[in-house]
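Chemist:
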Amino acid sequence: MRRLLVLLFLAFTVIELCFTTLSPLAATAVPKEVTFYELGESTCPHCVALLNTFAQNFPNNTYFCDIATNQACLVRFYSWLNFSSFPASVPQTFVIYNKTYILAIVLGEVDNATFWSNIANSAPNNVQFPIYIGEQLWGYINATPVAQQYIINTFLYPSQQTTTTTETFTSTQTSTPLPGGGISYRSFITTLASLAITDAVNICVISIYSLLLLMIATRKSRKIAAISGLLFTAGVFTGYMLLGLGLLKVISAFGGVPTQILRYILAAYGALLVASSFYTYARRKRCKVCKDDVGFLGKFFSAGRWVEKSPLLHFVFGLLLSIALIPCSAGPYVVFLVMLSSITGVARILYLLVYVLIFVAPLLVFLEIVILAMKSIPEDKVAVVRSIIVPIAGILLIVVALGFI
């Protein structure tokens, strides 16, 4: 019996090793001349996730150009944006063959190895190449082999540039012009809703927003808590609308520096929340009745709760937070904005409004639940709940702002 169990164990081990060995071989079955050239940021979760997909499935065919740490990559990226009028979003992946042909350009994160393998094994085209938004085919760019090599040599491998071109590049959509680059209205609305919901439940966003709303709600006055929460949500709403309307392009013009500064400010505020919590806990251990504003440290840490003392400041905080966390949260949003780029006028604003309303809906629902739950929380328990929530919110704010998740 023991021998049988040993044999079964060995058999399962061999089978598992076979699958483990064969899976990467199947995934990496792409021509050696193909390169997945990813323009992205090392601080962007979507970029890192895509890079991990490439590293696991196509380790010998991957090149990552980090615009966050490599000045040359940053220059290439913004030169490409100025040339192509593509949105200032990452990741953008060029699938190129032999540094001569562009097999496709893909905007956004796609973790489907088969999708990438199919592109890599497609034949080079002398007339055009496709543009994908996620796995959705958006359209085609008309470009001869000379034009394709010009793009590669100018914006991807500029040191190899040996040719110039005066050719113009035009795009052709997959069908007659409709919202989202050639897909039907029904498909567009379905895609809009799915992207907005995906964006809204992003753990990077909903966790920090939820904790901050909890901080707002752990107050004695339900009215003040409700006003603060609504203003905070309005700030988030405004930030996303401004981004969608293209009014935040100044951030891209400075290479993302303003966003980085905002994230450091938020991380510093998170550290202040944590330090304030420990300071308050230590003082209450030493005295039965303590005043929060006694001495320099007391006044300093009391000032650390400035955002909680004025409901109006919650609007500013929500606005700054939505902008600062764009690299973390805007993967689906970027895809939607690219789809929206083919729409103009009032329709564009209405579609954008629907998306952002869906995005903030969970915040409003969560706030309503917390406000209603405040009825059943005794006032003497509010301080206990608050002492737990505030440091957790501070730690999570640091983690998210610095791009650790």
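Taking full-length UniProt numbering, the leading residue of the sequence shown gets 1, the next gets one more, and so forth.
By construction, the Cβ of each residue, glycine as well, lies at the ideal position given by its N, Cα and C atoms.
1) Decide yes or no for the touch test of the region 42-57 against the region 123-135: beta carbon pairs closer than 8 Å, at least 3 of them.
2) Report the residue from 200, 60, 37, 89 whose alpha carbon sits nearest the alpha carbon of residue 46.
3) Report yes if the C-beta distance between residue 351 and residue 340 is below 8 Å; otherwise report no.
4) Name, in chain order, the residues that DSSP records as bridge partners for residue 38.
5) Nearest to residue 372 by alpha carbon, out of 42, 237, 143, 225?
6) Hey, residue 322 and residue 399 are a contact pair by Cβ (cut 8 Å); roughly how many whole angstroms apart?
7) Should residue 345 go down as buried or exposed, given a rule of 16 or more other Cβ atoms within 10 Å for buried?
8) Determine, using beta carbons only, whether residue 394 and residue 273 come nearer to each other than 8 Å.
9) Pick helix, strand or coil for residue 103, following the three-state DSSP scheme.
10) Would you check if there are 3 or more beta carbon pairs closer than 8 Å linking the region 90-108 to the region 138-148?
11) Would you tell me roughly how many angstroms separate the C-alpha atoms of residue 250 and residue 157, rounded to the nearest one?
12) What first and last residue would you give for the alpha helix (DSSP H) that runs through residue 227?
13) For the 8 Å Cβ check, are there 3 or more pairs between the region 117-125 and the region 64-78?
14) Is it the case that the Cβ atoms of residue 314 and residue 245 are separated by a distance below 8 Å?
15) Just checking my contact of residue 110 with residue 139 at CB under 8 Å: how many whole Å lie between their CB atoms?
16) Can you tell which of 105, 277, 320, 40 has its C-alpha closest to the C-alpha of residue 152?
17) Quick check on DSSP: helix, strand or coil for residue 156?
18) Enumerate in chain order the residues of its own chain whose CB-to-CB distance from residue 103 is below 6 Å, with the five nearest sequence positions on each side excluded.
Modeler: According to the data block:
1) By the Cβ test, the region 42-57 is not in contact with the region 123-135, since fewer than three Cβ pairs between them sit closer than 8 Å.
2) Of 200, 60, 37, 89, the residue nearest in Cα terms is 89.
3) In this structure, residue 340 lies closer than 8 Å to residue 351 by Cβ.
4) Answer by DSSP bridge pairing, in chain order: 64, 93.
5) The shortest CA-to-CA distance from residue 372 to any of 42, 237, 143, 225 is the one to 225.
6) About 17 Å; that fails the 8 Å criterion.
7) Exposed.
8) At a Cβ-Cβ threshold of 8 Å, residue 394 and residue 273 count as neighbours.
9) In the structure shown, residue 103 sits in a strand (DSSP, three-state: E or B).
10) Output reads yes: the region 138-148 touches the region 90-108.
11) Its pLDDT being 48, under 50, residue 250 is placed unreliably by the model, and the measurement read from it follows with that caveat. One Cα belongs to residue 250, the other to residue 157, and the distance between them is close to 27 Å.
12) Following the DSSP letters along the chain, one finds residue 227 inside the alpha helix (DSSP H) bounded by residues 222-244.
13) Judged by pairs of C-beta atoms under 8 Å, the region 117-125 does not touch the region 64-78, as fewer than three such pairs exist.
14) Taking 8 Å as the Cβ cut-off, residue 314 and residue 245 do not qualify as a contacting pair.
15) About 17 Å; that fails the 8 Å criterion.
16) Just measuring C-alpha positions, the residue of 105, 277, 320, 40 sitting nearest residue 152 is 105.
17) The answer is helix: DSSP assigns residue 156 an H, G or I state.
18) Residues of the same chain with a CB within less than 6 Å of the CB of residue 103, apart from the 5 flanking positions on each side, are 95, 97, 119, 122 in chain order.
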